[in-house]
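At position 59 of the sequence shown (counting the first as 1) the number is 59 in UniProt numbering, and the numbers step up by one without a gap. Idealized CB from N, CA, C, for every residue including glycine. Have a look at the structure below before the remarks.
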Amino acid sequence: MSDHVDFILTQWQETMPELDAEPMALIGRLLRCTALVQVQLEEVFASFGLTAASFDVLVTLRRSGEPYVLSPTDLFSALMVTSGTMTARLKNLESRGYICRLSNPEDARSTLVQLTELGRVLIEQVLEKHVENEKQLVSLLQPKMRKHLDEGLSQWLMTLEDIAGLPKNAYRN
Numbered sequence: 001m002s003d004h005v006d007f008i009l010t011q012w013q014e015t016m017p018e019l020d021a022e023p024m025a026l027i028g029r030l031l032r033c034t035a036l037v038q039v040q041l042e043e044v045f046a047s048f049g050l051t052a053a054s055f056d057v058l059v060t061l062r063r064s065g066e067p068y069v070l071s072p073t074d075l076f077s078a079l080m081v082t083s084g085t086m087t088a089r090l091k092n093l094e095s096r097g098y099i100c101r102l103s104n105p106e107d108a109r110s111t112l113v114q115l116t117e118l119g120r121v122l123i124e125q126v127l128e129k130h131v132e133n134e135k136q137l138v139s140l141l142q143p144k145m146r147k148h149l150d151e152g153l154s155q156w157l158m159t160l161e162d163i164a165g166l167p168k169n170a171y172r173n
């Protein structure tokens, strides 16, 4: 049995046999899996009127714990997006009543972003369906395969984060 990536690799082997396309196999499969999983995740978000981007903001605020407040800088750092991108996301979510901006008591020149009660209720509903969806997606793999895949990807991710110079999160040693 072969997948789409095998087809591509066969084409490379036929057209450029001198090319070492072996790395393409892993990267290609990761990218293809990511794209297919993303479609499944976005269907859940869309059923609640959200995008993946708006989900990320709301879920980041929710997991920060009560009172569900972060600075815009903390948000765009956590989500690895530019401040301009974050501003557009925040305006959209604020106009829908899911977040509000508060004056920062420690710095009058800046604001804080807070998840509203409406936003909290929504994200908790979305999270329930999101986790169900993720469970269904990973259940397609045998438990042992999931464990090996998770461990290997975690090691690779930490290496790539180090190479990229990304700050270590609090949970990393």
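Asked: Let me confirm a value: Val126 is counted as buried when at least 16 other C-beta atoms fall within 10 Å, else exposed. Which label applies?; Found: buried
Asked: What's the C-alpha gap between Ile123 and Glu42?; Found: 14 Å
Asked: Kindly give me the distance between the Cβ atoms of Leu31 and Leu70, rounded to whole angstroms, as I take these residues to be in contact under 8 Å.; Found: Not quite, the Cβ-Cβ distance comes to about 30 Å (not below 8 Å), so this is no contact.
Asked: Roughly how many angstroms separate the alpha carbons of Leu153 and Ala108, rounded to a whole number?; Found: 42 Å
Asked: Grab the span of the alpha helix (DSSP H) containing Val44 for me, first residue to last.; Found: 22-47
Asked: Ignore the nearest five residues each way along the sequence and tell me which others in Tyr171's own chain have a CB closer than 6 Å to its CB.; Found: Because Tyr171 carries a pLDDT of 39, less than 50, the predicted location of this residue cannot be relied on, and the following value inherits that uncertainty. Closer than 6 Å at the Cβ level, and outside the excluded window around Tyr171, lies no residue.
Asked: Run through the DSSP bridge pairs and tell me what Arg101 is partnered with.; Found: Val113
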